[in-house]
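Numbering (the numbering used here), first residue to last: 26 to 331. The beta-carbon is built from N, C-alpha and C at its ideal position, and this holds for glycine as well. Keep in mind the model is a prediction, meaning the values are calculated, not measured. Note sheet for the following structure.
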């Protein structure tokens with residue numbers, strides 16, 4: 026099937042904004058401040074409001090009746106998947122994190138076979154097996170390298186969180202494909218509503234709960250959001266990375282949903298996996314050519330496995 030010019034542009038947009046998202050997210054973790062950030066997708070809701078008049082009236086009435094309840098499903102998946110993967114990123118390098126995110130291809134393929142009744146040919150299963158072999162090599166290289174710094178258990182924990190997050194994210198993509206194709210929702214509408222639900226869930230439930238759960242953060246909290254805002258205020262680089270992250274994830278999710286509607290969720294996961302080489306290359310460039318506080322060096326011992 027030949028790709029149209031619009032489809033190619035959507036794929037490129039998803040690739041670029043997704044890479045920026047990964048790099049800016051890792052850079053936030055690498056910032057050192059004396060003394061963290063969802064709501065990003067809500068931006069797309071404004072775009073949907075501007076685009077709204079172009080949607081036919083039948084679809085508009087159909088969506089208005091059920092959108093408030095249904096979009097909460099992928100929002101919860103997004104919240105859980107992003108949280109698990111985000112915590113896992115603390116324990117591994119950005120390139121390893123991005124490579125392990127390729128496992129979503131396997132999960133999405135299996136889930137599409139089960140729930141969407143999609144016929145997967147021999148070459149699809151072969152591709153997933155090759156992806157699995159690559160993931161095993163990347164995971165082994167990260168664990169072997171961590172053994173020299175006595176942090177193998179933490180690295181293994183991070184890998185487990187990332188893989189778990191990708192399973193949940195694959196479920197989210199399958200649900201979104203059902204919405205976009207069978208219910209004819211517009212990508213901006215879905216992303217915008219997910220961001221809106223996510224904002225209220227994080228603000229009213231998750232962050233307050235994290236504040237009162239005992240932990241090692243300020244005031245003995247597991248996650249102190251007030252302290253996070255204070256850190257952002259006092260570190261311009263952290264503020265810049267946060268803003269870059271917010272903008273990139275908004276556009277990335279729009280491009281991703283547009284690709285899902287135009288093609289399939291499996292295509293979306295394949296394009297997402299292509300971010301790996303871009304993230305790794307930029308990470309190496311930043312470390313050797315810009316600032317050694319960010320990016321990552323090439324692992325001369327196990328880097329070849331990656």
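Would you call residue i buried or exposed, if buried means 16 or more other Cβ atoms sit within 10 Å of its Cβ?
i	result
residue 46	buried
residue 322	exposed
residue 148	exposed
residue 346	With the chain represented from 26 up to 331, any question about residue 346 goes unanswered, as that position is not in the structure.
residue 282	buried
residue 274	buried
residue 230	exposed
residue 270	buried
residue 118	buried
residue 238	exposed
residue 94	exposed
residue 276	buried
residue 284	buried
residue 44	buried
residue 313	exposed
residue 161	exposed
residue 308	buried
residue 28	exposed
residue 34	exposed
residue 62	For residue 62, the predicted model reports a pLDDT of 42, less than 50, meaning its position is unreliable; a value from the coordinates is still stated below. That one is buried.
What are the residues that DSSP puts in a beta bridge with residue i?
i	result
residue 246	239
Figure out for me which residue from the options has the closest Cα to the Cα of residue i.
i	options	result
residue 151	163, 166, 198 and 134	134
residue 99	251, 203 and 142	203
residue 180	128, 38 and 122	122
residue 13	267, 297, 272 and 127	There is simply no residue 13 to check, as the chain begins at 26 and stops at 331 in what is shown.
residue 37	290, 280, 320 and 265	280
residue 290	39, 201, 30 and 162	201
residue 211	43, 96, 44 and 28	96
residue 53	109, 115 and 34	115
residue 41	300, 213 and 160	300
residue 48	303, 317 and 315	303
residue 124	316, 315, 319 and 159	159
residue 292	264, 195 and 154	195
residue 199	221, 272, 143 and 244	143
In chain order, what residues of the same chain lie with their CB nearer than 6 Å to the CB of residue i, ignoring the 5 residues before and after it?
i	result
residue 164	184
residue 287	32
residue 305	120
residue 193	102, 105 and 106
residue 190	106, 109 and 110
residue 113	183, 186 and 187
residue 235	247 and 248
residue 311	319 and 320
residue 232	250
residue 264	257
residue 153	131 and 134
Excluding five sequence neighbours on each side, which residues of the same chain lie with their C-beta closer than 7 Å to the C-beta of residue i?
i	result
residue 103	197, 219 and 223
residue 262	56
residue 206	286
residue 138	145
residue 157	131
residue 242	248, 249 and 252
residue 80	Only weak support exists for where residue 80 lies, its pLDDT of 45 falling under 50; the coordinates are left without a value.
residue 317	none
Residues in its own chain within less than 8 Å of residue i by CB, not counting five upstream and five downstream?
i	result
residue 240	246, 247 and 248
residue 298	126, 127, 129, 130 and 156
residue 226	100, 101 and 104
residue 295	130
Looking at the C-beta of residue i, does it have a partner C-beta in chain C at a distance below 9 Å?
i	result
residue 50	Judged by its chain identifiers, the structure shown contains no chain C, having just a single protein chain.
Please specify which runs of the alpha helix (DSSP H), each continuous and at least 4 residues long, are wholly inside the region 102-190, giving them in chain order. You should have 119-125, 129-140 and 147-172.
Return the chain-ordered ranges of every alpha helix (DSSP H) run that is complete within the region 268-317 and spans a minimum of 4 residues. Listed in chain order, they are 290-298 and 300-310.
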